[in-house]
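Engineer: What follows is a single structure, and I will ask about it in a moment.
There are 2 protein chains.
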Amino acid sequence: MPLTRRQHEILEYLKDNTEHFEQAPTLDQLCACLGLRSRGSLHKHIQALIAEGYVEPIKGRHAGVRLTPGLGSADALPYLGKIAAGRQIAAVPQSETMLVPEHLRTQRDCYVLQVSGDSMREAGILDGDYAVIEHRQTASNGEIVVALVRGEETTLKRIRQESDRILLIAENPDMAPLVFSPSEVEIQGVLVGLMRNYG
Amino acid sequence: MPLTRRQHEILEYLKDNTEHFEQAPTLDQLCACLGLRSRGSLHKHIQALIAEGYVEPIKGRHAGVRLTPGLGSADALPYLGKIAAGRQIAAVPQSETMLVPEHLRTQRDCYVLQVSGDSMREAGILDGDYAVIEHRQTASNGEIVVALVRGEETTLKRIRQESDRILLIAENPDMAPLVFSPSEVEIQGVLVGLMRNYG
DNA sequence: GCGGATGTTCTCTATTTGTTCTCCGCAAGA
DNA sequence: TCTTGCGGAGAACAAATAGAGAACATCCGC
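Line by line, the protein sequences are chains X and H.
To convert, note that position 112 of the first sequence is 112 in full-length UniProt numbering; the numbers rise steadily by one, no gaps.
To convert, note that position 44 of the second sequence is 44 in full-length UniProt numbering; the numbers rise steadily by one, no gaps.
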């Protein structure tokens, strides 16, 4: 489904002018810029561009603003401290937050942890790195997850879920995979982004 | 959770006018400046800005004053593409930018490169990672630098400067350190931050 | 304690914005 | 000529947002 002539024009206009908008423009604003008088007409074109994946609607917002090509703003996500033994993730203290660029997170509920230890060194995750975690209870095999083990210890490991057991695999030759029964492991989130500060 | 239009307007106003206020302004003062007649309305917006981390309430004080745009925002740094052979860094095309949280950069001139290759894998820097580079011509031994070698090849390596030679050390057991004379190596920047996107 | 200034919370209303719908004009082809 | 698809206008609607205003809470100086 190639773009029609007008859709292409509008897309080009958006590409050329995204920086000029402080915020994502509204339909009315774009109508004015493009010389249109009907929101409904523009809306049709924008929907086509969304369907083709050229622009994307702003996440939660239903009203207010609408479209934004490319990557957008940074959000302040809750910072829940170091990932360490014996800590539940729930009960967000909401005290501290950390700014995370949009391209390092997902559209779902996310938070930030600081990595403690070198168990994932081979996966390029070092002690002190900031991990952006999407909060969810399930994961696919091979994903790196925040797992609560036996209700007492929280770790960041690559997961492998088999029929009768769960392996938590450290990416470090010094550490063997840990094997648990499914009831012993509770997934608390999945790694979606990483930040590191040198010096 | 991006800011709404009005929230963004108010934040911009605060950014532009913080110096003009002797003290942090009260809600009533801000209402007057912004043309609002209801404290309650403004209060809602301010709370939203606080929740997103763009401003923060004055600590102990309850009465009197209230807000102060405090912590760092994310800056849009120039994105100069993949770090690859044969490319000079200079001559910023200024075309693309990438949002970088303040804690991943320094106060000096910075830009972003995307890492190509696994030569720094042992240092936790993987293919595809985004490296935040401070633009400068000198580095301390042990720092990870963007180096232009013989005017033709640009690489990201750990540097060791000795009296009569310069070592560019890949953090990868498969690759031996590269030895050059000081005249062959030009430092173009130093790694100060790293970002990675999973999935 | 009293009163004023200030932050907070609430309800109510108005405006903005995205969405959906119908209708019209135009041009290209069968 | 008739049909089809594109592009646009405009009305009507729902949801989110923005604002007004009142009531309450809390701190401060007197």
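All C-beta atoms, glycine included, are put in the ideal place defined by N, C-alpha and C.
The structure displayed is predicted, hence computed values, not measured ones.
In the DSSP assignment, find the unbroken beta strand (DSSP E) run with N17 (chain X) in it and report its ends.
Structural biologist: No beta strand (DSSP E) holds N17 (chain X); the alpha helix (DSSP H) holding it covers 5-17.
Engineer: Taking C-beta to C-beta, are T138 (chain H) and I187 (chain H) nearer than 8 Å?
Structural biologist: yes
Engineer: If we count the other Cβ atoms within 10 Å of its Cβ and call it buried at 16 or more, is P93 (chain H) buried or exposed?
Structural biologist: Its pLDDT being 46, under 50, P93 (chain H) is placed unreliably in this model, and the value from its coordinates should be taken loosely. Exposed.
Engineer: I'd like the list of long-range same chain contacts for R5 (chain X), defined as Cβ closer than 7 Å, with 5 residues on each side in sequence excluded.
Structural biologist: none
Engineer: Looking at the structure shown, is P101 (chain X) part of a helix, part of a strand, or coil, going by DSSP?
Structural biologist: Of the three classes helix, strand and coil, the one that applies to P101 (chain X) here is strand, per DSSP.
Engineer: Closest Cβ-Cβ distance between L49 (chain H) and chain X: below 8 Å?
Structural biologist: With its beta carbon at least 8 Å from every one in chain X, L49 (chain H) lies outside the interface.
Engineer: Just reading off the beta strand (DSSP E) that Q114 (chain H) is part of, what are its end residues?
Structural biologist: 110-114
Engineer: Distance, Cα to Cα, L77 (chain H) vs P182 (chain X)?
Structural biologist: 45 Å
Engineer: Suppose contacts are defined by Cβ-Cβ distances below 8 Å. Is V145 (chain H) in contact with L191 (chain H) by that definition?
Structural biologist: yes
Engineer: Buried or exposed: A32 (chain X), going by 16 or more other Cβ atoms within 10 Å of its Cβ?
Structural biologist: exposed
Engineer: Which chain X residues sit within Cβ distance under 8 Å of P101 (chain H)?
Structural biologist: A74, M98, L99, V100, P101, M195
Engineer: Spell out whether any CB of chain X is found under 8 Å from the CB atom of R165 (chain H).
Structural biologist: no
Engineer: For H8 (chain H), return the contacting residues in chain X, with the cut-off set at a CB-CB distance below 9 Å.
Structural biologist: Simply E22, Q23.
Engineer: In whole angstroms, what is the alpha-carbon distance linking R37 (chain H) and F21 (chain H)?
Structural biologist: Their Cα atoms are separated by approximately 20 Å.
Engineer: Roughly how many angstroms lie between the CA atoms of V115 (chain X) and M98 (chain X), to the nearest whole one?
Structural biologist: 15 Å
Engineer: Taking 8 Å as the cut-off, decide whether the C-beta atoms of K157 (chain H) and I169 (chain H) are in contact.
Structural biologist: K157 (chain H) is a Cβ neighbour of I169 (chain H), given a cutoff of 8 Å.
Engineer: Given this structure, state the Cα-to-Cα distance separating L178 (chain X) from P25 (chain X), to the nearest angstrom.
Structural biologist: 50 Å
Engineer: Using the Cβ count rule (16 or more neighbours within 10 Å means buried), how would you classify Y130 (chain H)?
Structural biologist: buried
Engineer: What does a CB cutoff of less than 6 Å around R121 (chain X) pick up in its chain, not counting 5 residues either side in sequence?
Structural biologist: N172
Engineer: Does V192 (chain H) come within less than 8 Å of chain X when only Cβ atoms are used?
Structural biologist: yes
Engineer: Looking at chain X, is there any beta carbon in it that lies within less than 8 Å of the beta carbon of G199 (chain H)?
Structural biologist: yes
Engineer: Just list the residues that DSSP pairs G189 (chain H) with in beta bridges.
Structural biologist: H:V146
Engineer: Decide if Q7 (chain H) is buried, meaning its Cβ has at least 16 other Cβ atoms within 10 Å, or exposed.
Structural biologist: The residue in question, Q7 (chain H), is buried, as its Cβ has 16 or more Cβ neighbours within 10 Å.
Engineer: Taking 7 Å as the limit between beta carbons, can you name the residues of its chain near G35 (chain H), skipping five residues before and five after?
Structural biologist: Taking G35 (chain H) as the centre and dropping the five residues before and after it, the same chain places no C-beta closer than 7 Å to its C-beta.
Engineer: Closest to T106 (chain H) by C-alpha separation, out of X:R39, X:V185, X:H135, X:Y198, would be which residue?
Structural biologist: X:Y198
Engineer: Helix, strand or coil: how does DSSP classify E122 (chain H) here?
Structural biologist: helix
Engineer: Compute the Euclidean distance between the alpha carbons of G142 (chain X) and S41 (chain X), then round it to the nearest angstrom.
Structural biologist: 45 Å
Engineer: Compare the C-alpha of S163 (chain H) against each of H:T155, H:E153, H:G151, H:F180 and name the closest.
Structural biologist: Restricting attention to H:T155, H:E153, H:G151, H:F180, the CA atom closest to the CA of S163 (chain H) is found in H:F180.
Engineer: Say whether chain X places a C-beta atom closer than 8 Å to the C-beta of L36 (chain H).
Structural biologist: no
Engineer: Measuring only the C-alpha atoms, how far is A90 (chain X) from D127 (chain X)?
Structural biologist: Caution applies to A90 (chain X), whose pLDDT of 42 falls short of 50 and renders its modelled position unreliable; the value that the coordinates give is listed next. Each residue's alpha carbon lies about 23 Å from the other.
Engineer: Kindly give me the distance between the Cβ atoms of G189 (chain X) and R136 (chain X), rounded to whole angstroms, as I take these residues to be in contact under 8 Å.
Structural biologist: 6 Å
Engineer: Under three-state DSSP, which class holds A24 (chain H)?
Structural biologist: Reduced to three states, the DSSP call for A24 (chain H) is coil.
Engineer: With Y79 (chain H) and L11 (chain H) assumed to form a contact (beta carbons below 8 Å), what rounded beta-carbon distance in angstroms separates them?
Structural biologist: No, Y79 (chain H) and L11 (chain H) are not in contact; Cβ-Cβ is about 24 Å, not under 8 Å.
Engineer: Comparing alpha-carbon positions, which option in H:T154, H:E184, H:T18, H:K44 lies nearest S119 (chain H)?
Structural biologist: The residue with the shortest Cα to Cα distance from S119 (chain H) is H:T154.
Engineer: Within 10 angstroms of the Cβ of A123 (chain X), are there 16 or more other Cβ atoms? Answer buried if so, exposed if not.
Structural biologist: buried
Engineer: With a threshold of 8 Å between beta-carbons, can R136 (chain H) be considered close to chain X, or not?
Structural biologist: no
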